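K.L.:
Quick one: structure below, then a few questions.
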Amino acid sequence: MTTVDDQPEDSAPGWDAITAAFAPLYPGQEPRHVGSVIPWMLNGKDPLDGISAWKRLDPVPHWHFVSYGLSELYDKASDDPQISGFGLELTFRLACDPGETDPPSWVFSLLQNLARYIFQSGNVFDDGHWMNLNGPIALGSDTLIGSLAFVFDPEVPPIDTPHGRVAFMQLVGLTVDEEAAGKRWNARKMLDTLLPHMPLWITDISRSSLLDRPAIRAALDAGSARDGSSTGMLFNDALDWSRQSRLLRPDITTITVGAGHVEAILALLRLRLPFGNELHLRGAEKRILVGPGGVNAVAAENEQLRLTLTNATLEALAATLHPRAGSYSVPGLDTVRWDVRQTLIKDADGKVVKTIG
Numbered sequence: 144m145t146t147v148d149d150q151p152e153d154s155a156p157g158w159d160a161i162t163a164a165f166a167p168l169y170p171g172q173e174p175r176h177v178g179s180v181i182p183w184m185l186n187g188k189d190p191l192d193g194i195s196a197w198k199r200l201d202p203v204p205h206w207h208f209v210s211y212g213l214s215e216l217y218d219k220a221s222d223d224p225q226i227s228g229f230g231l232e233l234t235f236r237l238a239c240d241p242g243e244t245d246p247p248s249w250v251f252s253l254l255q256n257l258a259r260y261i262f263q264s265g266n267v268f269d270d271g272h273w274m275n276l277n278g279p280i281a282l283g284s285d286t287l288i289g290s291l292a293f294v295f296d297p298e299v300p301p302i303d304t305p306h307g308r309v310a311f312m313q314l315v316g317l318t319v320d321e322e323a324a325g326k327r328w329n330a331r332k333m334l335d336t337l338l339p340h341m342p343l344w345i346t347d348i349s350r351s352s353l354l355d356r357p358a359i360r361a362a363l364d365a366g367s368a369r370d371g372s373s374t375g376m377l378f379n380d381a382l383d384w385s386r387q388s389r390l391l392r393p394d395i396t397t398i399t400v401g402a403g404h405v406e407a408i409l410a411l412l413r414l415r416l417p418f419g420n421e422l423h424l425r426g427a428e429k430r431i432l433v434g435p436g437g438v439n440a441v442a443a444e445n446e447q448l449r450l451t452l453t454n455a456t457l458e459a460l461a462a463t464l465h466p467r468a469g470s471y472s473v474p475g476l477d478t479v480r481w482d483v484r485q486t487l488i489k490d491a492d493g494k495v496v497k498t499i500g
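Here it is in structure tokens:
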């Protein structure tokens with residue numbers, strides 16, 4: 144990546160529309176801009192054509208970043224005339240020192256990595272989504288911020304460009320325990336609860352967990368107990384299932400999960416099923432749909448397994464399954480075996496930095 148002073152000389156109506164959306168917030172201020180040397184369309188490694196950052200001092204000193212490249216900046220290429228590209232650009236607000244003159248370089252890498260995930264997977268972030276970063280938001284730092292929530296930028300509403308509509312999706316840095324608390328309730332409601340303590344949802348990588356404040360923890364626990372969890376889907380790359388036929392006896396179903404996801408799965412099952420809601424578990428290839436019912440049942444269809452649990456069996460599952468590698472059998476669900484595998488946490492270079500289970 145290289146720093147550039149000017150915007151592209153070619154016609155870029157999508158680019159101009161993004162810049163115009165931020166102009167009222169920062170009149171007369173030239174943003175610090177970083178552009179990609181080789182565009183993604185020419186086999187470059189960075190999917191974003193550029194990232195801009197504006198400096199401001201209120202309500203606390205921070206940088207305000209925006210991406211250029213998830214929407215259609217130059218020509219209309221997608222088939223949907225209503226949506227430009229993926230229909231969004233990423234924004235991020237990072238607390239800084241009042242005298243800071245240059246935004247930290249790790250933010251540019253973070254935004255490029257998130258854009259790369261969107262380009263390669265086709266999965267688009269929406270208001271209330273989550274992402275665990277499997278490490279500190281700023282690599283090499285001792286920050287507790289290791290998760291992201293996504294929310295519509297509170298100051299930049301969606302815009303209509305010549306190529307379609309574009310929303311501005313802001314990243315909000317959270318501690319891992321804050322993410323877990325949000326998953327146990329409702330992402331958007333949790334973010335609204337934190338907003339008085341995180342103005343404009345500005346990320347401060349030096350802060351401690353807001354759950355250390357008893358009033359905040361109590362508010363989140365009360366919301367979870369009242370409403371249950373709105374998190375309806377969990378992804379676990381180790382998730383798998385298989386069925387083994389037995390002569391004159393019911394089939395045996397083996398469910399494989401990563402140890403690092405066991406506690407989250409159990410917590411969400413107990414906050415979904417008693418409220419009449421299902422939980423979708425997704426793996427790289429297989430899916431499991433767990434729902435409540437009056438009797439236990441197991442049914443397979445194509446790549447999806449449907450598991451129905453009574454309240455008693457759900458409690459037995461929570462008491463039996465542990466985040467340790469091994470094979471588990473749950474009372475009341477004799478035809479299902481749970482195979483827990485170790486979870487390996489790797490850094491950006493593929494090196495194992497933590498083993499769970």
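The number in the numbering used here is simply the position in the sequence shown, starting from 1, with 143 added.
Beta carbons: idealized from backbone N, C-alpha and C, even for Gly.
These figures come from a predicted structure and were not determined experimentally.
Determine the DSSP secondary structure at residue 340, reduced to helix, strand or coil.
P.N.:
Correct three-state label for residue 340: helix.
K.L.:
Please go through the same chain and pick out, in chain order, the residues whose beta-carbon is closer than 8 Å to the beta-carbon of residue 446, but skip the five residues on each side of it.
P.N.:
For residue 446, where only same-chain residues beyond five positions count, the Cβ hits under 8 Å are 428, 429 and 430.
K.L.:
Which ranges does the alpha helix (DSSP H) cover as unbroken runs of at least 4 residues, wholly within the segment 257 to 300, from first to last along the chain?
P.N.:
Here no run is fully enclosed.
K.L.:
Could you tell me the alpha carbon to alpha carbon distance between residue 294 and residue 275, rounded to whole angstroms?
P.N.:
Distance between the alpha carbons of residue 294 and residue 275 is about 15 Å.
K.L.:
For residue 338, tell me which candidate among 292, 268, 398 and 231 has the shortest Cα-Cα distance.
P.N.:
It is 292.
K.L.:
So the alpha helix (DSSP H) residue 404 belongs to, where does it begin and stop?
P.N.:
Counting along the chain, the alpha helix (DSSP H) containing residue 404 begins and ends at 402 to 415.
K.L.:
What does the Cβ neighbour count give for residue 454, buried or exposed, with the cut at 16 atoms within 10 Å?
P.N.:
So residue 454 counts as exposed.
K.L.:
If we ignore side chains and look at the alpha-carbon of each, how far apart do residue 411 and residue 384 end up?
P.N.:
Taking the straight line from one Cα to the other gives about 20 Å.
K.L.:
My output table needs one value for residue 473: the three-state DSSP class, helix, strand or coil.
P.N.:
Strand, per DSSP.
K.L.:
Could you tell me how far apart the beta carbons of residue 479 and residue 459 are, in whole angstroms, since I believe they sit closer than 8 Å?
P.N.:
Not a contact, Cβ separation roughly 11 Å.
K.L.:
Please identify the residue among 378, 364 and 379 whose C-alpha is closest to the C-alpha of residue 372.
P.N.:
Among 378, 364 and 379, the Cα nearest to that of residue 372 is on 364.
K.L.:
Go ahead and pull the three-state DSSP assignment for residue 149.
P.N.:
Unreliable placement is indicated for residue 149, whose pLDDT of 45 sits below 50; the coordinate value is still reported in the next sentence. Of the three classes helix, strand and coil, the one that applies to residue 149 here is coil, per DSSP.
K.L.:
Quick one: what's got a C-beta closer than 6 Å to residue 151's C-beta in the same chain, skipping five residues either side?
P.N.:
With a pLDDT of 46 at residue 151, under the threshold of 50, the modelled position of this residue cannot be trusted, and the question is left open.
K.L.:
Within 10 angstroms of the Cβ of residue 265, are there 16 or more other Cβ atoms? Answer buried if so, exposed if not.
P.N.:
Exposed is the call here.
K.L.:
If you follow the beta strand (DSSP E) that residue 235 is in, where does it begin and where does it stop?
P.N.:
Residues 226 to 238.
K.L.:
In whole angstroms, what is the alpha-carbon distance linking residue 149 and residue 173?
P.N.:
Here residue 149 scores only 45 on pLDDT, less than 50, and its place in the model should not be relied on; the value that follows carries that caveat. Taking the straight line from one Cα to the other gives about 10 Å.
K.L.:
Cβ of residue 175 within 7 Å of any heavy atom in the ligand ZN?
P.N.:
Of the ligands one can find in the structure shown there are none, so the ligand ZN has no counterpart to examine.
K.L.:
Looking at C-alpha atoms only, which residue of 354, 451, 484 and 247 is the closest neighbour of residue 464?
P.N.:
That would be 484, whose Cα lies nearest to the Cα of residue 464.
K.L.:
Using only alpha-carbon positions, find the residue among 432, 452, 160 and 331 that is nearest to residue 232.
P.N.:
Of 432, 452, 160 and 331, the residue nearest in Cα terms is 160.
K.L.:
Expressed to the nearest angstrom, what Euclidean distance is found between the alpha-carbon atoms of residue 350 and residue 287?
P.N.:
Distance between the alpha carbons of residue 350 and residue 287 is about 8 Å.
K.L.:
In terms of alpha-carbon separation, which member of 392, 282 and 300 lies closest to residue 234?
P.N.:
Closest option to residue 234, Cα to Cα, is 300.
K.L.:
Quick one, which of 376, 391 and 436 has its alpha-carbon nearest residue 426's?
P.N.:
For residue 426, the nearest C-alpha among the options comes from 376.
K.L.:
Is the segment 305 to 313 touching the segment 198 to 218 in the sense that three or more CB pairs, one from each, lie closer than 8 Å?
P.N.:
Yes, they touch.
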